[in-house]
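In the UniProt record's numbering, the protein residues as written are 1 to 636.
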């Protein structure tokens, strides 16, 4: 057996011993004597008698160990533009002052703080400052609509809201204060204080109830870390819920710190002194785990980027930063690479930069189609790793464990389950399926450290949402299969499975076939109603820059690709060329929303959408379903 297989078996056979050893990566105020507390299953607790401080582990201990002058954080804004670097000592001192300021505003252990800020250093500082004093932060993506922000304020009931005056987009400046004002007017809860950081691009007109960051933070008295129980909450991160009320994923301190520190070495092969760049946002779980906490826990350098993969200013933005800062590993979403591939299919911008420091590219958030995998692998010449996890899990469920044992890559696969995650593929009755058989992906309980403990103040919804469908298992909501080598293929959400004349087909498999066409930059497939077959697949394709194929020929070639790779049973006959696909700000394609529109339902625009006009332009196409260039459409 290889190192991964041995480690994986140990993690499942003896989780207590395995995770107690992993806990040695963390400095404890009181070291835990045991790892797992299962006395109140399914509400499992990790390291129940341990005490620590997450911020101290991310900052203070490195300074105390003589590494205070090592670079902790690099901020690069392509929007201002501006750049700043912070050593571990500088970041610790700034965070201690922010923590002192929050303390003077009445924030204490267990109190909540809403953070409504763009990708700026102060957002990271505020998160860490909350951890320093034992407060619970809840970051809301900067620019979120008033209704969504209000729902989170009302649910978390923060003592303080910390905001910035604006966020910067390639074509506009987003003023945050009007959004925040409207949200507070809608919310049944009012914070004691609202602390506003003024950005020079657009300063807010601070009125009653607002405090200026510059009046409160610089003169605040720094405070020391407050020890908390390992089981005390670190943060609440809201994810969308089917009932309209967002679900507050609750993360603990101890299990979170141990799991993230362990994952940095085992999965990403990132260690003290390495430069790690997660191209995401602190409003998402990826930003929590791998912009803020994990890199700092192991003493690495993290890059905080305010900009886009393309358009700020061009498709070479990522490669410039790799060259400038010596980035070892990039972690981003496949949609970012597809955007670069669309604009720069021959990687001409990449050729302008020396990216020799880059050792690997990790992708997550959407299934990595084989075509994008092949393009990135050929362009970069480094291992490209798809890996799979969720807001709820907090860190990878399946990945190529590059720090533990680099494994051969299979396009379309997230490789193998990561130690700690007992991953299974089952049928509708919960029976385990054989290799090659696609079914629902579940994880046997208990979930490892770092996964959600429950939902904020809603244990019943936690059980109903995740644990009730398959007894003793966490229901991921994704479908997929294992192959004969134990590689996991995650094909998409279970509601993205199309039933065509009794045959269950994954939209991910059809998308992979479409993506092999040389003119296709990216694509999405949804199921649409069919009177004969029940459902049939409908494809939406975005062409590469400069591609102008004949539509009839393209249709025939796309049909042939699906017949070749999936089979005639897919009954693939319809597709449309579109200028862009509607996505959330974290890069997920809005397949469910498009499917509803195609079904004739009046779908509301999700608050997480990146650009609502993209979805508006697709409405007639989804209703007409023809392979034509999109016309100019008015908003719904």
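Glycine included, C-beta positions come from ideal geometry on N, C-alpha and C.
Answer yes if the segment 128 to 139 comes into contact with the segment 191 to 203, meaning at least three C-beta pairs across the two stretches below 8 Å, and no otherwise.
-> Result no; under three Cβ-Cβ pairs closer than 8 Å.
On the DSSP bridge assignment, give the partners of residue 362 in chain order.
-> Numbered from its first residue, the chain shown carries residue 362 at position 362. Looking at the DSSP output, residue 362 sits in a beta bridge with 331 and 385.
Own chain residues within Cβ distance below 6 Å of residue 264, not counting five before or after | If you number the chain shown from 1, residue 264 lands on position 264. Excluding sequence neighbours, residue 264 sits near 270, 294 and 298.
Out of curiosity, what's the CA-to-CA distance linking residue 170 and residue 421?
-> On the chain shown, residue 170 is found 170 positions in, with the first residue counted as 1. On the chain shown, residue 421 is found 421 positions in, with the first residue counted as 1. About 40 Å.
Extent of the continuous alpha helix (DSSP H) run through residue 4 | Here the question's residue 4 lines up with position 4 in the chain shown. Where residue 4 is concerned, the enclosing alpha helix (DSSP H) starts and stops at 3 to 13.
Of the listed residues 539, 520 and 518, nearest to residue 526 (C-alpha basis) = Position 526 of the chain shown, counted from the start, is the residue given in the question as residue 526. Checking every option, the nearest Cα to that of residue 526 belongs to 539.
Out of curiosity, what's the CA-to-CA distance linking residue 228 and residue 253?
-> Position 228 of the chain shown, counted from the start, is the residue given in the question as residue 228. Position 253 of the chain shown, counted from the start, is the residue given in the question as residue 253. C-alpha separation (whole angstroms): 8 Å.
Close beta carbons around residue 432, own chain, < 6 Å, minus the five adjacent residues each side = For the purposes of this step, residue 432 is taken as the residue at position 432 of the chain shown. Within the same chain, residue 432 has close Cβ partners 424 and 426.
Consult DSSP for residue 43 and reduce its assignment to one of helix, strand or coil.
-> As a working mapping, residue 43 is identified with position 43 in the chain shown. Look at residue 43 here: in three-state DSSP terms it is coil, with no helix or strand label.
Which full runs of the beta strand (DSSP E) of 3+ residues lie inside the UniProt domain "AMP-binding enzyme C-terminal" (510 to 588), going along the chain?
-> The UniProt domain "AMP-binding enzyme C-terminal" (510 to 588) contains these whole beta strand (DSSP E) runs: 520 to 530, 534 to 543 and 574 to 577.
Would you grab the beta carbon distance between residue 479 and residue 439 for me? Rounded to a whole angstrom, and I think it's under 8 Å.
-> In the chain shown, the residue the question calls residue 479 occupies position 479. In the chain shown, the residue the question calls residue 439 occupies position 439. Distance from residue 479 to residue 439 at the Cβ level is roughly 7 Å; contact confirmed, criterion being Cβ atoms closer than 8 Å.
Name the one or two DSSP bridge partners that residue 493 has.
-> Residue mapping note: residue 493 aligns to position 493 of the chain shown, counting from 1. The partner list for residue 493 (beta bridge, DSSP) reads 478.
State the start and end residues of the unbroken beta strand (DSSP E) segment that holds residue 76.
-> By one-based count along the chain shown, residue 76 stands at place 76. Residues 71 to 77.
For residue 20, which of helix, strand or coil comes out of DSSP?
-> Here residue 20 refers to the residue found at position 20 when the chain shown is read from its first residue. For residue 20, the secondary structure class from DSSP, reduced to helix, strand or coil, is helix.
Say whether the segment 552 to 561 touches the segment 581 to 588, bearing in mind that this needs 3 or more beta-carbon pairs closer than 8 Å, one atom from each stretch.
-> No, they do not touch.
Assess, as a yes-or-no matter, whether the segment 139 to 158 is touched by the segment 177 to 184 under the definition of 3 or more beta carbon pairs within less than 8 Å.
-> Contact between the segment 177 to 184 and the segment 139 to 158 is present, because at least three Cβ pairs lie under 8 Å.
Residue 125: buried (16+ other C-beta within 10 angstroms of its C-beta) or exposed?
-> If you number the chain shown from 1, residue 125 lands on position 125. Its Cβ being crowded by 16 or more others within 10 Å, residue 125 is buried.
Between residue 399 and the rest of its own chain, which residues show a CB-CB distance below 7 Å, the 5 nearest in sequence each way excluded?
-> Here residue 399 refers to the residue found at position 399 of the chain shown. By the criterion of a C-beta distance shorter than 7 Å, residue 399 is surrounded in its chain by 267, 385, 387, 414, 415 and 418, once the five residues flanking it on both sides are discounted.
Report the residue from 115, 56, 490 and 109 whose alpha carbon sits nearest the alpha carbon of residue 91.
-> Here residue 91 corresponds to residue number 91 of the chain shown, with the count starting at 1. Nearest of 115, 56, 490 and 109 to residue 91, Cα basis: 56.
Assigned secondary structure, residue 622 (DSSP; H/G/I helix, E/B strand, else coil) | Within the chain shown, numbered from 1, the residue matching residue 622 stands at position 622. In the structure shown, the three-state DSSP call for residue 622 is helix.
With residue 127 and residue 140 assumed to form a contact (beta carbons below 8 Å), what rounded beta-carbon distance in angstroms separates them?
-> Here residue 127 is taken as the residue at index 127 of the chain shown, counted from 1. Here residue 140 is taken as the residue at index 140 of the chain shown, counted from 1. 12 Å between Cβ atoms; not a contact.
If we ignore side chains and look at the alpha-carbon of each, how far apart do residue 242 and residue 143 end up?
-> Taking the first residue of the chain shown as 1, we reach residue 242 at position 242. Taking the first residue of the chain shown as 1, we reach residue 143 at position 143. With a pLDDT of 47 at residue 242, under the threshold of 50, the modelled position of this residue cannot be trusted; read the value that follows with caution. Using only the alpha carbons, I get a separation of about 22 Å.
Close Cβ partners of residue 511 (< 7 Å) along its chain, the five nearest in sequence each way excluded | Position 511 of the chain shown, counted from the start, is the residue given in the question as residue 511. Counting only Cβ-Cβ distances below 7 Å, and skipping sequence neighbours, we find 369, 523, 524 and 525.
Option in 45, 487, 146 and 429 with minimal Cα separation from residue 670 | Here the chain has residues from 1 to 636 only, and residue 670 is not among them.
If you count every other CB in all the chains shown that lies within 10 Å of the CB of residue 352, and 16 or more means buried, which is it?
-> Residue mapping note: residue 352 aligns to position 352 of the chain shown, counting from 1. Sixteen is the threshold: since fewer than 16 other Cβ atoms of the shown chains lie within 10 Å of the Cβ of residue 352, the residue is exposed.
Can you check DSSP and say which residues form a bridge with residue 36?
-> Looking up residue 36 in the chain shown gives position 36. Partner(s): 46.
Who are residue 235's beta bridge partners in DSSP?
-> Residue 235 sits at position 235 when you count from the first residue of the chain shown. DSSP output for residue 235 lists 137 and 251 as bridge partner(s).
Near residue 174, what residues of its chain come up, given a Cβ to Cβ distance below 7 Å and the 5 sequence neighbours on each side ignored?
-> In the chain shown, counting from the first residue as 1, residue 174 sits at position 174. Excluding positions up to five away in sequence, the list reads 143, 166 and 167.
List the DSSP bridge partners of residue 87.
-> Taking the chain shown and counting its residues from 1, one reaches residue 87 at position 87. Paired residue(s): 71.
Could you check the C-alpha separation between residue 412 and residue 224 for me, to the nearest Å?
-> To locate residue 412, count along the chain shown from 1; it is residue 412. To locate residue 224, count along the chain shown from 1; it is residue 224. Cα to Cα, the separation comes out at about 47 Å.
Spatial neighbours of residue 99 in its chain, beta-carbon cut-off 6 Å, leaving aside the 5 residues before and after | In the chain shown, residue 99 corresponds to position 99, counting from 1. Result list for residue 99: 129, 132, 133 and 223, in chain order.
Nearest-angstrom beta carbon gap, residue 340 and residue 315 [assumed within contact, 8 Å] = Within the chain shown, numbered from 1, the residue matching residue 315 stands at position 315. Within the chain shown, numbered from 1, the residue matching residue 340 stands at position 340. Between residue 315 and residue 340 a beta carbon distance of about 5 Å is seen, short of the 8 Å cut, so the two are scored as contacting.
Helix, strand or coil at residue 243 [DSSP, three-state] | Translated into the one-based positions of the chain shown, residue 243 becomes position 243. Caution is warranted here: a pLDDT of 49 is assigned to residue 243, below 50, making its placement in the model unreliable, and no coordinate value can be reported.
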